[in-house]
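So the protein sequences, as listed, match chains A and B.
The working numbering puts the first sequence at residues 18 to 222.
The working numbering puts the second sequence at residues 18 to 222.
Quick reminder that beta carbons are idealized off the backbone N, C-alpha and C, glycines included.
Predicted, not measured: the structure shown is a model, and the values here were computed from it.
Below is one structure, written out as structure tokens, with a few remarks after it.
Protein chains: 2
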Amino acid sequence: MTKKPEEARAYHHGDLRRALILAAERILEKDGPNALSLRAVAREAGVSAAAPYHHFKDKDELLAAVAHQGFEMLAEAMAKAADQVEDPFARVNAIGVAYVCFARDNRALYHLMYDSNRRENFRAEPRKSGEGPGGVTVRALTRAAGGAEVDPLQLELRQVAGWCITHGLAEMEASREFADLKQRLGGDKAFYSAVLAQLAPPRKG
Amino acid sequence: MTKKPEEARAYHHGDLRRALILAAERILEKDGPNALSLRAVAREAGVSAAAPYHHFKDKDELLAAVAHQGFEMLAEAMAKAADQVEDPFARVNAIGVAYVCFARDNRALYHLMYDSNRRENFRAEPRKSGEGPGGVTVRALTRAAGGAEVDPLQLELRQVAGWCITHGLAEMEASREFADLKQRLGGDKAFYSAVLAQLAPPRKG
DNA sequence: GCATACATCTGAACGGCGTCAAGATAATCT
DNA sequence: AGATTATCTTGACGCCGTTCAGATGTATGC
Chain A
18 MTKKPEEARA YHHGDLRRAL ILAAERILEK DGPNALSLRA VAREAGVSAA APYHHFKDKD
78 ELLAAVAHQG FEMLAEAMAK AADQVEDPFA RVNAIGVAYV CFARDNRALY HLMYDSNRRE
138 NFRAEPRKSG EGPGGVTVRA LTRAAGGAEV DPLQLELRQV AGWCITHGLA EMEASREFAD
198 LKQRLGGDKA FYSAVLAQLA PPRKG
Chain B
18 MTKKPEEARA YHHGDLRRAL ILAAERILEK DGPNALSLRA VAREAGVSAA APYHHFKDKD
78 ELLAAVAHQG FEMLAEAMAK AADQVEDPFA RVNAIGVAYV CFARDNRALY HLMYDSNRRE
138 NFRAEPRKSG EGPGGVTVRA LTRAAGGAEV DPLQLELRQV AGWCITHGLA EMEASREFAD
198 LKQRLGGDKA FYSAVLAQLA PPRKG
């Protein structure tokens with residue numbers, strides 16, 4: 018049997034690398050981050066405990082790959098949300114809401130992404146600044162600032178602040194203290210949107 | 018030898034509970050979070066690996082105690098910063114800056130605090146909402162809103178947004194992408210302050 | 001087509017980890 | 001003093017991440 022050129026190279030197992038990443042995501046989703054041991058991943062993929070070391074330098078590198086895939090999913094969700102809104106200002110808000118929704122719906126993965134990012138174990142591709150979640154956000158924010166004459170320093174600060182408030186909300190959205198507020202506003206998304214709207218509009222001049 | 022009443026109860030070791038918490042902080046500071054194993058903490062405290070189990074149910078409970086102490090330090094730093102500013106609006110900003118500075122100066126501890134909080138392993142005292150970092154912030158924000166007639170929903174949203182942007186900034190402040198901005202603004206604190214100032218002032222009526 | 005080189009996987013082992021049970025030791029109570 | 005209780009040690013168990021020698025399957029050169 019020869020290799021199928023349309024799939025990644027398959028030797029004994031058949032793209033074990035991808036299988037391991039998927040197994041890790043499955044475990045993360047089903048049993049939580051505490052159960053995410055390298056041995057458990059290998060077990061889930063039906064392979065010996067040492068097998069992953071032919072595809073990843075160590076456990077962190079596998080987790081980084083999982084996180085990398087998570088960032089791609091996140092960027093995609095944000096881009097899709099952005100496309101559904103015309104008004105530049107509302108678009109920024111929609112992107113933020115999509116970001117927080119992703120964190121809500123992929124809690125364990127989101128935390129893994131952030132941890133992996135923090136440890137700077139992103140040994141995968143160097144992130145090209147245009148393609149990740151940051152790129153989507155920055156572009157939308159820049160456009161929302163519009164043709165108006167905006168102090169570039171203010172614009173940059175606003176980008177940072179928007180990033181901070183969104184990430185902060187994503188980290189805390191599950192807090193019980195917000196349950197009441199969510200209900201009063203009529204749903205999670207309305208709550209996210211209202212919180213993100215607290216960012217000041219960019220000052221002109 | 019009888020016990021010294023001014024110190025906590027000392028049996029064989031002499032308040033091992035506190036010693037373990039301090040040992041954990043020492044390891045965290047010196048060798049980072051990866052080195053923070055229960056056995057290493059016991060070793061650092063000069064005690065057998067099983068000894069901690071007479072003071073903490075498991076490792077998470079020890080970490081929760083460390084985190085708890087961290088929250089007290091943080092609340093103190095915030096309260097001190099608040100006392101040094103008169104203007105209610107500037108005070109809110111100063112509190113946020115103090116919060117981010119704490120995260121910057123106690124990075125490993127801050128992350129531990131947040132992790133421990135996330136896992137809801139706060140088996141220590143239930144947090145009385147008035148005393149923690151949240152209480153300090155909320156009081157200052159409420160006062161900054163002033164006697165003006167403010168929509169209470171808007172005020173609450175603003176509290177949440179303030180909390181989010183501050184925590185988000187604390188998590189990301191070490192990012193290299195901000196180095197340039199920090200320099201242009203003339204220091205870390207000026208940068209934190211400028212970012213936090215991006216929050217919209219509370220709308221009246 | 002076959003031997004050789006190479007990529008891939010297994011099995012066993014090492015030290016470290018969190019945790020527990022049994023026993024030793026020291027402080028407290030009566 | 002003797003009994004009780006709190007504290008700590010020793011030793012063990014199973015799981016973990018990682019390494020290494022060797023087995024096995026795949027591709028390549030002749």
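8 Å Cβ cutoff, residue i in contact with chain B
i, result
"Met95(A)", "no"
"Phe195(A)", "yes"
"Ala111(A)", "no"
"Ile38(A)", "no"
"Gln215(A)", "yes"
"Arg156(A)", "no"
"Ile182(A)", "yes"
"Ala211(A)", "yes"
"Asp178(A)", "Residue identity check: residue 178(A) is Ala in the sequence provided, not Asp. Taking Cβ atoms only, chain B reaches closer than 8 Å to Ala178(A), which makes this a yes."
"Glu78(A)", "no"
"Glu188(A)", "yes"
Alpha carbon of residue i to alpha carbon of residue j, nearest angstrom
i, j, result
"Cys118(B)", "Lys206(B)", "8 Å"
"Thr183(A)", "Asp32(B)", "43 Å"
"Lys74(B)", "Phe88(B)", "21 Å"
"Ala157(A)", "Ala96(A)", "10 Å"
"Asn134(B)", "Glu188(B)", "14 Å"
"His128(B)", "Glu173(B)", "26 Å"
"Phe195(A)", "Ala217(A)", "22 Å"
"Gln200(A)", "Ala178(A)", "26 Å"
"Arg193(A)", "Asn51(B)", "30 Å"
"Leu198(A)", "Val153(A)", "29 Å"
"Ala81(B)", "Ala66(B)", "19 Å"
"Val64(B)", "Arg56(B)", "9 Å"
"Leu39(B)", "Arg60(A)", "39 Å"
"Pro143(A)", "Asn123(A)", "Any answer about Pro143(A) is weak, because its pLDDT of 42 lies below 50 and its placement is not dependable; what the coordinates show is given next. For Pro143(A) and Asn123(A), the distance between alpha carbons rounds to 24 Å."
Any chain A beta carbon closer than 8 Å to residue i
i, result
"Ala66(B)", "no"
"Gly185(B)", "yes"
"Val114(B)", "no"
"Met130(B)", "no"
"Glu173(B)", "yes"
"Leu198(B)", "yes"
Beta-carbon contacts of residue i that lie in its chain and below 7 Å, excluding the five residues immediately before and after
i, result
"Met130(B)", "Ala84, Gly87 and Phe88"
"Gln176(B)", "Val155 and Leu158"
"Leu37(A)", "Val58, Ala62, Pro69, His72 and Leu79"
"Glu46(B)", "Ala125"
"Ala94(B)", "Ala115 and Phe119"
"Leu53(A)", "Ala41, Ile44 and Leu45"
"Leu202(A)", "Phe208 and Ala211"
6 Å Cβ shell around residue i - same chain, five flanking residues per side excluded
i, result
"Arg160(B)", "Pro105"
"Leu186(A)", "Val117 and Val212"
"Glu190(A)", "Val117 and Arg121"
"Gly113(A)", "Thr183 and Leu213"
"Asp132(B)", "none"
Neighbourhood of residue i by C-beta, 8 Å cutoff - its chain only, sequence neighbours within 5 removed
i, result
"Gln215(A)", "Ile182"
"Arg108(A)", "Ala99, Val102, Ala157, Arg160 and Ala161"
8 Å contact criterion, which residue i and residue j should meet: CB distance rounded
i, j, result
"Gly49(B)", "Ala125(B)", "6 Å"
"Ala111(A)", "Ala120(A)", "15 Å between Cβ atoms; not a contact."
"Leu91(A)", "Pro169(A)", "Rounded, the Cβ-Cβ distance is 27 Å, inconsistent with contact."
- Within the region 34-117 of chain A, ranges of the alpha helix (DSSP H) (whole runs, at least 4 residues): 55-61 and 76-100
- Query: Can you list, in chain order, the stretches of the alpha helix (DSSP H) that have 4 or more residues and sit fully within the region 165-196 of chain A?
  - Reply: 169-189
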